[in-house]
């Protein structure tokens, strides 16, 4: 992985209605998943939205999915994991180097998608962390990503009330090396079409040194669940998977998004939920994990 490759940046033109995420340092407490949404309220992006034109068939429509070896430098030359984004002239990350360029307004910048990622650390590279989270220095309390899994999709359902569910899984054959669990982000509240989304997860793979039991390492356990009241949002239901460490070879990335109707059951302040799926989409692609040569 060369330095010149790491500095390649793609700028995706987008007018951003909502940016629900937080800026990341290179070391994180746990894997992070974020979302940016472009709404139909902006005629510059969707000039025909809200007119008498008929929308597409009600569906969650996939656009693209990839993994990037994102690394960017802010104005003080520290590594910044959050993609740089601007909306209506305001920078999401005020110290992004592109912020000095007035043409950067209403844009979203992320690094170049690639197919191959190293498993081992490489101290001579710009971003030294390999994708094997067990050996790259990660712990459950200090998570060191090797890249970002990004997906782009559009919501044309006009479904404002059902919960959005997100599931990200990475496998090598029958082995699971990453699983996000089922993340419930609550209803969109959208009543017009279309709504275009970008989700991204900061990832490495494997057990993080926790080799036994379900929901270990990069296989997520419960977070904020069971809930303390019905109607909760922003929680994760455990993956129920057992992660193993990654190996040299192909890995398959699978992303599932759903709109589903929640039904809650509470015993006192312990509340669980079941879902009836209404809409779904699946996005899948491969990456290649390789061992860094020792000589």
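Residue numbers (this note's numbering): 7 to 301.
Think of the CB as a built atom: it goes at the ideal place given N, C-alpha and C, for glycine as much as any other residue.
Residue 173 is bridged by DSSP to 262. Under the DSSP definition of a beta bridge, residue 159 partners with 68, 203. Bounds of the beta strand (DSSP E) holding residue 242 are 241–243. Taking all protein chains in view, the Cβ of residue 275 is surrounded by fewer than 16 other Cβ atoms within 10 Å, so the residue is classified as exposed. Ranked by Cα distance from residue 285, the first of 167, 75, 242 is 167. When secondary structure is reduced to three states using DSSP, residue 237 falls in the coil class, being assigned neither helix nor strand.
Burial state of residue 139 is buried, judged by a 10 Å Cβ sphere holding 16 or more other Cβ atoms. Straight across, the Cα-Cα distance linking residue 266 with residue 178 is about 29 Å. When only Cα atoms are considered, residue 70 and residue 160 end up about 10 Å apart. Membership of residue 292 in the beta strand (DSSP E) is indicated by the continuous run 276–296. Here DSSP, grouped into helix, strand and coil, assigns residue 273 to strand. Spatial neighbours of residue 293 in its own chain (CB-CB distance under 7 Å, excluding positions within 5 residues in sequence) are listed in chain order as 73, 121, 123, 257, 259. Looking at the DSSP output, residue 138 sits in a beta bridge with 211. Rounded to the nearest angstrom, the gap between the Cα atoms of residue 237 and residue 145 is 32 Å. Taking residue 65 as reference, the option from 296, 295, 297, 287 with the minimal CA-CA separation is 287.
Apart from the 5 residues on each side of it in sequence, residue 62 sits with its Cβ closer than 7 Å to the Cβ of 162 in its chain, given in chain order. Looking at the backbone, the Cα of residue 224 and that of residue 264 are separated by about 22 Å. In this structure, the beta-carbon distance from residue 187 to residue 251 does not fall below 9 Å. Counting every other CB atom within 10 Å of its CB across the protein chains shown gives residue 247 a total of 16 or more, marking it as buried.
Residue environment for residue 201: buried (at least 16 other C-beta atoms within 10 angstroms of its C-beta). Secondary structure note for residue 167: it is in no beta strand (DSSP E), with a DSSP letter that is neither H nor E. The beta carbon of residue 242 sits closer than 6 Å to those of 187, 189, 226, 229, all from its chain and outside the five residues before and after it, given in chain order. Contact between residue 150 and residue 135 holds: their C-beta atoms lie close to 5 Å from each other, under 8 Å. Its Cα nearest to that of residue 272, the residue 232 stands out among 232, 175, 261. The criterion of a C-beta distance shorter than 9 Å is satisfied by residue 197 and residue 164. The distance from the Cβ of residue 170 to that of residue 191 is about 4 Å, consistent with a contact at the 8 Å cut-off. Nearest C-alpha to residue 268 among 253, 235, 255: 235.
Apart from the 5 residues on each side of it in sequence, residue 181 sits with its Cβ closer than 7 Å to the Cβ of 250 in its chain, given in chain order. Residue 184: member of the beta strand (DSSP E) spanning 181–185, first to last residue. Residue 207 counts as buried, since no fewer than 16 other beta carbons sit within 10 angstroms of its beta carbon.
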